[in-house]
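Peer 1:
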Amino acid sequence: MTTQPFQLLVNGQYSIEAMPEDAHQIDVVQEQEHVMHVLKGGHAYRAEFVSANDATKTYTFKIAGNNYEVKIEDHYDRLVKHLGLTAHSHVKMNTVKAPMPGMVLGIMVTEGQDVQKGDPLLILEAMKMENVLKAVGEGRVKAIKVQKGTAVDKNQLLIEME
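Numbered by numbering that gives the first Met the number 0, the letters in the sequence shown go through residues 0 to 161 in order.
1. Rounded to whole angstroms, what is the Cα-Cα separation between GLY148 and TYR44?
2. Would VAL103 and GLN155 be called neighbours here (beta carbons separated by less than 8 Å)?
3. Assess contact between the segment 121 to 136 and the segment 91 to 111, defined as three or more Cβ pairs (one per stretch) separated by less than 8 Å. Is contact present?
4. DSSP puts THR59 in a beta bridge; with which residues?
5. With a threshold of 7 Å on Cβ separation, who are the neighbours of GLU32 within its own chain once the five nearest residues in sequence on each side are excluded?
6. Between VAL114 and GLU137, what straight-line distance do the alpha-carbon atoms span, to the nearest angstrom?
7. How many Å lie between THR57 and VAL135 at the Cα?
8. Tell me the rounded alpha-carbon separation between ILE71 and SER50.
9. Take ILE15 and list the residues in its own chain whose beta-carbon comes closer than 6 Å to its own, dropping the five residues that flank it on each side.
10. So what's LYS141 in DSSP terms, helix, strand or just coil?
11. Is PRO119 helix, strand or coil by DSSP?
12. Rounded to the nearest angstrom, what separates LYS61 and MET18 at their Cα positions?
Here it is, written out as structure tokens:
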């Protein structure tokens, strides 16, 4: 069985193929909670982890003052896309639930507001990392079921849509 490369899309512009074994060529040392020292190919970088969206496999890092959004696709992600099995671009949301237990740090929408796919909805802190929950489809905010500073459980209803 041959190992398939990962496809990395950086800032929606630059596409990089990486084999799983390429990870062994990178040394990473954690300096602080969200800050890492990265050594690759004789070059040193200081990288700050900014956010993660595990549902879309998209991660944001700050390096040398610039934000880099990295979307990772594996062989199966590309196969699903090639077969046309991805979700339709016009998806209506009904609810937004907490993907993990955490604390609501901020709410970025108001009741009655229309949202589109990708719009930020709220910030959830989990395991001392800030995660921006974004709309997976379009809709209108019917009710916000949490407040800033509220602790939430996994799968708890956060926002009701119409």
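Beta carbons are placed, not taken as given, at the ideal position from N, Cα and C, and that holds for glycine.
Peer 2: Here's the rundown:
1. To locate residue 148, count along the sequence shown from 1; it is residue 149. To locate residue 44, count along the sequence shown from 1; it is residue 45. The straight-line gap from Cα to Cα measures roughly 34 Å.
2. For the purposes of this step, residue 103 is identified with residue 104 of the sequence shown, where counting begins at 1. For the purposes of this step, residue 155 is identified with residue 156 of the sequence shown, where counting begins at 1. Contact: no.
3. Segment contact: the segment 121 to 136 against the segment 91 to 111, three or more CB-CB distances shorter than 8 Å; contact assigned.
4. The residue labelled residue 59 in the question sits at position 60 within the sequence shown. DSSP output for THR59 lists SER50, GLU68 as bridge partner(s).
5. In the sequence shown, the residue the question calls residue 32 occupies position 33. Closer than 7 Å at the Cβ level, and outside the excluded window around GLU32, lie LYS127.
6. Here the question's residue 114 lines up with position 115 in the sequence shown. Here the question's residue 137 lines up with position 138 in the sequence shown. Using only the alpha carbons, I get a separation of about 5 Å.
7. For this step, residue 57 is matched to residue 58 along the sequence shown. For this step, residue 135 is matched to residue 136 along the sequence shown. Each residue's alpha carbon lies about 13 Å from the other.
8. Stepping through the sequence shown from its first residue, residue 71 is reached at position 72. Stepping through the sequence shown from its first residue, residue 50 is reached at position 51. So the alpha carbons of these two residues sit roughly 14 Å apart.
9. By 1-based counting over the sequence shown, the position of residue 15 is 16. Here the set comprises LEU7.
10. Locating residue 141 in the sequence shown gives position 142, where the first residue counts as 1. Strand at LYS141.
11. On the sequence shown, residue 119 is found 120 positions in, with the first residue counted as 1. Strand at PRO119.
12. Numbered from its first residue, the sequence shown carries residue 61 at position 62. Numbered from its first residue, the sequence shown carries residue 18 at position 19. Each residue's alpha carbon lies about 23 Å from the other.
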